[in-house]
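The opening position of the sequence shown corresponds to residue 202 in the numbering used here, with each subsequent residue numbered one higher.
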Amino acid sequence: HVTIADDLCKTETLNQLLESDGIYPIVIGACREVQNRIYFWEEAKEASINPYFTKVVDVLNEALSAVSIDEAAARIKLLIWSQILRAEECKDITLDNLRVRFVMPHGKLSRRELASAIMPRYEVVPFILTSGCVGADKCNICRSACPSGAIVIDDQRLRIDTSACTNCGACVAACPHGAVSFPTSSLEELMAEIQGLLSTEVDLEPRIIAIACRGCSGLSDIDPLPLPNVFMLEIPSLAMASPALLLSAFNMGADGVALVHGGGECSSGISPDHWSKGIDFVRDFMDRLGMESKRIKTIEVDGDSESLGRELSNFTQAINELAPNPLKGIVESRVPSESLCLSNVIEGIRDKLGFSAACSIEGTCVPFGEVVVDADRCTGCGLCAGNCPTDAISVKAAAGISGFELLFRHDRCVACEMCVNICPEKCVTMNHVLDIEKLGGEPDVIFGDEYVRCRNCNAPFAPKSMINILKTKLQQAGNDAVDQIDLCPACKVAAKQMI
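Structure (structure tokens):
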């Protein structure tokens, strides 16, 4: 439902809309003044204005800065539609997602609003969902990604210390299970906004998404630029600009993606070293599949709208010289929210392009791994499978024999090297590589063995490789226990009791 009204920056106008038409605003197309005031309206509850979820599109500035009326109309349609789609992906905020803070007012305020500005407000922060988290004893990927050390362990459960959290969102992008709740800045919301900005219902080509770091000094104060083809998307930090998000933007039809930052470490504690490897991987992937890595660019600015406008203008010109994005228009849909993992995005792009040639990408920037097991040293203990946070390694009974197989799924491996670190025999190694053909395919058998049967009761009790290695070690040590190595634990106890 769309309602047109004047004086939306006045609270009484919203109250009147609510009383007469039952309007509960989700997206407001107005001017920047509304955004500045929305947190200070005392009547916000009565007017059903949720300052966390209500989106404001600066229609006035768009109309004034656009090159033509048609371009202004096209941009405003896309901006409003993108915020509607984003609002639909908003999840409920719980007390676990809130912390107290003081809001610094901007612009002119009445005395009443100024008085309310000194009252404590709430800020949305990430929260780890215990229902989705596999626990600290098996996974610490989010802790490794957090630049501020805000993720702590309580009774083998991971928890975010809100007093130390900088709201960078790195944990959201890093968690392979989607177990971090971050309302207002979730990956689903960002994906929905990008989908709206790339809608094919509006004719405005090429379409470029400029992802800007909210934590970089001065970027949030830069005025919208008079570039009709460029749409700014502000995120908590560029740590959230994961390869999955960037490739999804191209998969949905973006002709170019720019990453805007202030250089050095942002206020969230995120430095370019934190996200630059992901950009390198995306570039390598795009070149391998013939998508031209020139479509992605990093732009460093320091609160200077003039230099940012110049850089984005040059980038737009470079995109205009390229052929259209080969993914555009093949399938008008985005990756479903339950499939935001990078392997699913890559698999979707591969299938859309009909890419079937053998192709692999290697290097430290690759967020995938390939596990290799030295069969001569492996004892088949299964610790690598039991401690794999993404279940990329699993154990399966071998068909036709009393034995087992270690299976490896390439599309689930995130190269965390937990298997390498946990292996007591140091026989597991990992290569940072992406084999595009293997995504979505059958798992590889990386090790297999039979079970040894107890010489007394004939019950299977241990892998043959484990028994052979133990027997060799005991013989070398001259230990008499070697005579009982082929007995199951129950028979060993019985034999000891008889002695």
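We treat Cβ as the ideally placed atom computed from N, Cα and C, and that holds for glycine.
- In its own chain, leaving out the 5 sequence neighbours on each side, no residue places its CB closer than 8 Å to the CB of G679.
- With respect to the C-alpha of E618, the residue from S382, V634, V458 having the closest C-alpha is V634.
- Listed in chain order, the alpha helix (DSSP H) runs fully inside the segment 206-243 are 212-222, 233-238, counting runs of at least 4 residues.
- G642 is classed as exposed because its beta carbon has fewer than 16 other beta carbons within 10 Å across all chains shown.
- DSSP places M433 within a strand segment (E or B) once states are collapsed to three.
- For S514, the enclosing alpha helix (DSSP H) covers residues 506-521.
- Per the coordinates, the alpha-carbon of S266 lies some 23 Å from the alpha-carbon of C414.
- In the DSSP assignment, R358 is bridged to D355.
- Bridge partners of V646 according to DSSP: L608.
- The residue from P525, N251, C689, T401 with its alpha-carbon nearest to that of C658 is C689.
- The beta-carbon distance between T517 and L428, rounded to whole angstroms, is 6 Å. This is short enough to meet the 8 Å contact definition.
- A straight-line Cα-Cα distance of about 38 Å links F609 and C467.
- A Cβ-Cβ separation of about 5 Å places F648 in contact with C579 under the 8 Å criterion.
- Every unbroken stretch of the alpha helix (DSSP H) spanning 4 or more residues and falling wholly within the segment 642-695 is given here in chain order: 665-678.
- Per the Cβ contact rule, the segment 221-239 is not in contact with the segment 366-373 (fewer than 3 Cβ pairs under 8 Å).
- For N622, the enclosing alpha helix (DSSP H) stretches over residues 619-623.
- Annotated three-state conformation of N298 is helix, per DSSP.
- Straight through space, the alpha carbons of A274 and E563 are spaced by roughly 45 Å.
- Counting only residues of its own chain and dropping the five nearest sequence neighbours on each side, N521 has a CB closer than 7 Å to the CB of P407.
- When the alpha-carbon of H475 is set against those of L675, S345, M433, the nearest one is in S345.
- In the three-state scheme derived from DSSP, where H, G and I count as helix and E and B as strand, E548 is classed as helix.
- The DSSP-derived three-state label of K639 is helix.
- Taking C376 as reference, the option from K553, L359, T673 with the minimal CA-CA separation is L359.
- CA-to-CA, the gap between L261 and C232 works out to about 5 Å.
- Note: R322 is bridge-paired with R302 in the DSSP secondary-structure output.
- Beta-bridge analysis with DSSP links N632 to E571.
- Rounded to the nearest whole angstrom, the C-alpha separation of L554 and M492 is 10 Å.
- The C-beta distance from P644 to V615 rounds to 16 Å, too long to fall under 8 Å, and the pair is not in contact.
- Taking the CA atoms as reference points, K339 sits about 18 Å from A374.
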